[in-house]
Structure formats: C-alpha cells, structure tokens
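Participant:
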Amino acid sequence: MNSQQAKKQAPPINERFSKSGFILAAIGSSVGLGNMWKFPYITGKYGGAAFFLLFIICLIIVGLPILLAEMTIGRGGRGNASVSLVNLTGKKYWGAFGLLSILTAFMIMSYYAVVAGWTLHYTLESFTGVLFQSGSDYKDKFLSFASGYWPLFWQAVVMLVSGWIIARGVSGGIEKFNKILIPGFLIILLILMFRSLTLPGAAEGVSFFLKPDFSKLGAESALIALGHAFFSLSLGMGCMLTYGAYVDKKQSLGGATLAIGFGDLVYAFIAGLVIFPTVFSYGLKPGEGVGLAFMALPAAFSQMPFGAFFGGLFFLLLAIAALTSAISILEVPVAYAMSKWNWSRPKAAIYVSVLCYLVGVPAALSVGGVLSPLQLGGKGIFDWMDFITSYILMPLGGLIVTLFTGYAWKRAGEEAGLTGFWYRAWMVLLRFIAPVLIVLVFLYSVGIIKV
Ligand code: PHE
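This is the structure we're talking about:
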C-alpha cells in the first residue's frame with residue numbers, strides 16, 4: 005500500500021495541542037501512581053541517592069530516546085498508534101504491531117480505572133473522617149472495601165469523568181483539564197511536602213529515601229531502575245505516540261522530551277519527600293503500592309493533627325495523578341476507534357469507555373471479591389491483567405518503537421529535528437542499546453533470568 009492509500013483509509017488528524025498544553029498533558033500522563041507509590045519505595049530500598057542517579061542514567065539512555073521516538077512517530081504519521089506506523093512506511097504489517105499497543109492501552113485502562121476509583125473513595129472517606137473511625141486496622145479496612153461492590157461504583161465514576169474529558173476533544177478536554185490539574189497537583193504536593201518535612205523525626209524518613217548507598221547498586225537495581233524509567237514515562241503502549249499526533253510542527257520535540265523527563269523526575273522526587281517523613285515519623289514501615297498508599301499512610305494520617313485534611317489532600321493527589329494518566333491511556337483506543345470506524349469523538353469516547361468498564365469489572369471483583377477464587381498460578385484476574393500488560397505487552401510495545409524508529413523509518417531524524425551528533429547518538433541508543441536493555445528487563449521480570 006502506498007502512503008496515498010493509507011491516508012485515504014484514515015483521515016489525517018487535525019486536532020492540535022498548544023505548546024504548553026502538550027507539555028502539561030504529557031507530564032500528566034507520565035506522573036501517575038508509579039511516581040507516587042513505586043518510585044519512592046524502590047529508591048529507598050535500592051540505595052537512596054545512589055539509586056536516584058542510576059534512575060536518571062536509565063531515563064537518559066532508554067527512557068528519553070524512546071519517548072522522543074514515540075512523539076516523533078505520532079507527529080510524523082499524524083495518525084493513531086497503528087495508522088501512524090503505516091503512514092510513515094507504507095507497510096501494512098506495521099499497523100498490526102501498532103494495534104498491539106492499542107490493545108495494551110485498552111487493557112491497562114480497564115484495571116487502572118479500578119485503582120483510580122479506590123483513590124476517589126479514599127479521598128472522600130479521608131476528608132469526611134469516616135476512614136479514621138471504628139478501629140485502626142487499615143489493612144482490614146482496605147480489604148473489606150476492595151472485596152465489596154463499591155469499587156464498581158467508583159470505577160464507573162472514573163470511566164465517566166475520563167470519557168467525558170476525552171469526548172470534549174484535545175484542546176477543550178485533555179489540554180484544558182491538564183492545565184488545571186497539573187499545577188493544582190504541584191501545589192498540593194508542596195503543601196504536603198511542607199507538612200511532612202516539619203513532622204518530628206522527619207529526618208529519618210529523608211535519610212531512608214536519599215542516603216546514598218552505592219553497595220546496593222547492582223544488576224537487580226539496574227533492571228528495576230530501567231523498568232521503572234520505562235513505565236514512568238508511559239512508554240510502550242502508544243500514549244506518547246497518540247499525543248504526539250496532536251503536536252504542532254513548530255514545537256521542538258527534543259525540548260519537549262527534556263521537559264517531560266524533568267517533570268517526571270521532579271514529581272517523583274517530591275513524592276518521596278512527602279511519603280517517607282510521614283511514614284517514619286509515626287514509626288510505621290514503608291512498603292510500596294497498595295500497602296503503602298491504602299494501609300501505611302492512613303495509619304500515619306490517623307495520628308497526625310488535622311490528619312483527615314492532610315490525608316484527604318494526599319488521596320486527592322493520588323486521584324489526580326491517576327486521572328491525568330488514565331486520560332492519556334483512554335485516548336489511545338478512542339483515537340483508534342475514531343479513525344477506524346469514522347466515529348465522532350464523543351461516540352468513540354462513550355463506546356470505548358463502556359467497553360473498558362465492562363472488561364474492568366471482573367478485575368475489580370477479583371481483589372478479595374466474588375471473583376477472587378478464580379486463580380491461575382497464584383494470581384487472580386486483576387494481577388494477571390497487570391502482569392501481562394506491564395511485564396509483557398509494554399516492553400514489547402517499546403521494542404517495536406525502537407526497531408521501527410531505528411531501522412524501518414528512515415526519516416525520523418528530520419521529524420525529530422535532530423542532526424549530527426545528537427542524531428547519531430539517538431540512533432545508537434535506539435538501534436543497539438535500548439532494544440538489548442528492554443529484552444533484559446523483560447527476561448528478568450518474567451523470571452527467565454535471575455540476578
Ligand atoms: N506513567 C504512569 C505512572 O508513572 C503510568 C502510565 C503507564 C500511564 C503507561 C500511562 C501509560 O504511573
């Protein structure tokens with residue numbers, strides 16, 4: 005198929021972000037639950053400031069080159085995560101590879117909305133103080149909430165809100181909301197940082213988070229840092245590619261790459277300064293993920309003066325982080341549906357959101373709920389969806405992007421605005437370094453290689 009035919013098949017995208025709107029939307033995508041509940045913990049565990057340095061190196065050699073590649077493909081191809089690849093090469097089989105990342109995004113969205121829903125429930129329960137009444141076993145409280153039917157309601161709210169924002173379009177929806185939510189996020193984060201750093205014993209938390217320990221660096225921490233750099237920048241599932249298709253030709257993609265990488269890093273760093281002083285100040289043990297956010301931190305807020313207020317702010321922060329990421333994930337299949345079936349944006353947003361909701365329901369009911377007995381190899385539905393997408397499909401999607409930009413599409417440098425040394429460096433990273441490292445992380449995370 006030549007590119008003329010490819011264009012006929014899917015009309016070129018004509019919605020556009022403003023310059024700052026794009027940067028904020030991309031930061032909104034990258035700053036998510038990963039920054040809030042995973043990054044601080046792995047940093048504390050694998051060597052503090054030493055790990056932080058390692059993470060920056062991984063961002064530079066793998067994260068940023070792929071981020072730039074995704075945005076470049078989107079802007080050059082001016083299509084969704086599948087059509088762009090066909091538009092740029094004229095080869096239909098690339099469309100099938102692209103389809104994979106659209107499926108990945110759809111699957112992630114369906115269970116990400118469940119978690120985002122939990123954060124909404126906790127925001128409400130914390131501000132009203134209900135969370136801190138009747139007993140202090142926060143593990144038990146979380147499990148009894150997650151195993152019930154309320155999560156289905158909150159999941160529906162998340163789908164409704166993100167579907168509605170997406171339906172309003174790129175500039176009137178995605179851009180507009182990120183422009184409000186991301187600065188709001190920063191303000192809340194700074195308030196909480198001030199609160200946590202002034203708690204008695206805060207220094208112990210800061211020291212757990214940042215005290216450099218180079219002896220902890222090794223193959224394992226390197227693989228973890230790499231995997232997280234990838235996840236944290238929302239790579240491998242067509243998010244940045246789809247957003248890239250809405251970027252103006254005049255915007256510098258290299259500049260955007262640096263701004264997004266820096267933004268992601270800063271938010272993750274401040275999140276660490278919020279979480280550890282709070283947890284340590286109340287003598288609690290840090291962990292990651294669900295245990296940290298829904299069990300350890302509520303216990304800390306329950307003892308803090310005005311804890312309901314600060315706890316509410318904290319969960320609101322999680323909710324915003326999750327929502328701005330969810331929007332970017334949902335946009336991937338919505339953009340696909342619009343061009344594939346020629347649907348209007350609102351129609352595509354409604355259909356995809358409803359379908360996503362239905363696929364997410366079994367995941368929501370499998371966290372201690374009625375479907376939790378359905379297990380395979382010790383994992384329930386929710387865990388399987390997470391495992392398959394984060395450890396198999398996302399690395400695969402990233403690999404496709406590196407190979408496409410490094411080998412298949414010859415004019416990536418022009419579109420990215422890179423020449424000379426920077427172009428050569430980018431190509432070396434995309435052709436040789438990033439693919440090898442992605443495969444290593446993949447083999448490590450599925451347990452084929454052990455370090
Ligand atoms: N980058 C987000 C985070 O750090 C997660 C995410 C992954 C969002 C993939 C969109 C796509 O939590």
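Those letters in the sequence shown? Residues 5 to 455, by this note's numbering.
Just so it is clear, CB atoms sit at the ideal spot from N, CA and C, and this is done for glycine as well.
Pull every residue with its beta-carbon under 6 Å away from any heavy atom of ligand 1, and keep them in chain order.
Facilitator: The set, ordered by position in the chain, is 33, 34, 36, 37, 38, 39, 235, 236, 238, 241, 243, 329, 332, 333.
Participant: Of the residues 367, 337, 365, which one's Cα is nearest the Cα of residue 355?
Facilitator: Here the closest residue by C-alpha is 337.
Participant: Can you tell me whether residue 9 is helix, strand or coil according to DSSP?
Facilitator: With a pLDDT of 48 at residue 9, under the threshold of 50, the modelled position of that residue is not reliable, and the figure given next carries that caveat. DSSP places residue 9 in helix when its eight states are reduced to three.
Participant: With the cut-off set at 8 Å, would you say residue 46 and residue 264 are in Cβ contact?
Facilitator: Cβ distance not < 8 Å, so residue 46 and residue 264 don't count as in contact.
Participant: Please classify residue 138: is it buried, with 16 or more other beta-carbons within 10 angstroms of its beta-carbon, or exposed?
Facilitator: So residue 138 counts as exposed.
Participant: Going by DSSP, name the residue or residues bridged to residue 383.
Facilitator: 380, per the DSSP bridge assignment.
Participant: Less than 8 Å between C-beta atoms, sequence neighbours within five positions excluded: which residues of the same chain meet that for residue 9?
Facilitator: Residue placement at residue 9 is flagged as unreliable, the pLDDT there being 48, under the threshold of 50; a coordinate-derived value is accordingly withheld.
Participant: Can we count residue 414 as close to ligand 3, meaning its CB is less than 7 Å from some heavy atom?
Facilitator: The model on display carries ligand 1 but not ligand 3.
Participant: Could you tell me which uninterrupted alpha helix (DSSP H) segments, each at least 4 residues in length, are contained entirely in the segment 122 to 197, listed from first to last along the chain?
Facilitator: Runs of the alpha helix (DSSP H) inside the segment 122 to 197: 142 to 150, 154 to 171.
Participant: Hey, would you say residue 319 sits closer than 8 Å to residue 127, going by beta carbons?
Facilitator: Yes, the pair counts as a contact, with Cβ atoms nearer than the cut-off.
Participant: Does residue 18 come out as helix, strand or coil in the three-state DSSP assignment?
Facilitator: Reduced to three states, the DSSP call for residue 18 is coil.
Participant: Assuming residue 112 and residue 393 are in contact, meaning their beta carbons sit under 8 Å apart, how far apart are those beta carbons, in whole angstroms?
Facilitator: With a Cβ gap of about 5 Å, residue 112 and residue 393 count as contacting.
Participant: Note down, in chain order, each residue of its chain lying with its Cβ closer than 7 Å to the Cβ of residue 93, except the 5 sequence neighbours on either side.
Facilitator: For residue 93, where only same-chain residues beyond five positions count, the Cβ hits under 7 Å are 412, 413.
Participant: Can you give me the start and stop residues for the alpha helix (DSSP H) that residue 307 sits inside?
Facilitator: Where residue 307 is concerned, the enclosing alpha helix (DSSP H) stretches over 301 to 307.
Participant: Can you check the segment 345 to 431 for any alpha helix (DSSP H) of at least 4 residues that lies completely inside it and give the ranges in chain order?
Facilitator: With a minimum length of 4 residues, the continuous alpha helix (DSSP H) runs that stay inside the segment 345 to 431 are 349 to 368, 385 to 391, 398 to 407, 416 to 420.
Participant: Taking Cβ to Cβ, would you say residue 33 is nearer than 8 Å to residue 243?
Facilitator: Cβ atoms of residue 33 and residue 243: closer than 8 Å.
Participant: Leaving out the 5 sequence neighbours to the left and right, which residues in its chain are closer than 6 Å to residue 340 when beta-carbon positions are compared?
Facilitator: 84, 106.
Participant: Please report the distance separating the alpha-carbon of residue 142 from that of residue 101.
Facilitator: About 43 Å.
Participant: Given residue 7, which residues of its chain have a CB within under 7 Å of its CB, disregarding the five upstream and five downstream residues?
Facilitator: Note that residue 7 scores 49 on pLDDT, short of 50, meaning its location in the model is unreliable; the coordinates nonetheless yield the value given after this. Closer than 7 Å at the Cβ level, and outside the excluded window around residue 7, lie 91, 94.
Participant: Does the structure place the segment 197 to 211 close enough to the segment 361 to 378 that three or more beta carbon pairs sit under 8 Å?
Facilitator: No, the segment 361 to 378 does not touch the segment 197 to 211.
Participant: With contact counted as at least three CB pairs below 8 Å, one residue from each stretch, are the segment 296 to 308 and the segment 207 to 223 in contact?
Facilitator: Short answer: they don't touch.
Participant: So residue 85 is in the alpha helix (DSSP H); what residue range does that whole segment cover?
Facilitator: Looking at the DSSP string, residue 85 is not in any alpha helix (DSSP H), and its letter there is neither H nor E.
Participant: What three-state label does DSSP hand residue 44 in the structure shown?
Facilitator: Looking at residue 44 - three-state DSSP - the assignment turns out to be helix.
Participant: Closer than 6 Å by C-beta to residue 455: which residues in its own chain qualify, once you throw out the five before and the five after it? Chain order, please.
Facilitator: Excluding residues within five positions, the ones whose Cβ falls inside 6 Å are 223, 224.
Participant: Taking the beta carbon of residue 188 as the centre, do at least 16 other beta carbons fall within 10 Å, making it buried, or is it exposed?
Facilitator: It is exposed - the Cβ of residue 188 has fewer than 16 other Cβ atoms within 10 Å.
Participant: Would you mind working out which of 48, 22, 373, 329 sits nearest residue 290, comparing C-alpha positions?
Facilitator: Checked all of 48, 22, 373, 329; the closest Cα to residue 290 is 48.
Participant: Near residue 20, which residues of its chain fall below 6 Å by C-beta distance, leaving aside the five closest residues on each side in sequence?
Facilitator: Only 250, 252 meet the Cβ criterion.
Participant: Compare the beta carbon distance of residue 76 and residue 262 with 8 Å and say whether it is the shorter of the two.
Facilitator: In this structure, residue 262 does not lie closer than 8 Å to residue 76 by Cβ.
Participant: Report buried or exposed for residue 480, applying the criterion of at least 16 other Cβ atoms within 10 angstroms of its Cβ.
Facilitator: Limits of the chain in this structure are 5 at one end and 455 at the other, which puts residue 480 out of reach.
Participant: Looking only at its own chain, which residues have a Cβ that is under 8 Å from the Cβ of residue 165, when we skip the five neighbours before and after it?
Facilitator: Answer for residue 165: 327, listed in chain order.
Participant: Would you check if there are 3 or more beta carbon pairs closer than 8 Å linking the segment 65 to 76 to the segment 424 to 444?
Facilitator: With the cut-off at 8 Å, the segment 65 to 76 and the segment 424 to 444 touch.
Participant: For residue 222, does the three-state DSSP call read helix, strand or coil?
Facilitator: In the structure shown, residue 222 sits in coil (DSSP, three-state: anything other than H, G, I, E or B).
Participant: Considering just the uninterrupted stretch of the alpha helix (DSSP H) at residue 265, what are its terminal residues?
Facilitator: Segment 257 to 285, the alpha helix (DSSP H) holding residue 265.
Participant: Mapping DSSP to helix, strand and coil, what is residue 452?
Facilitator: Coil.
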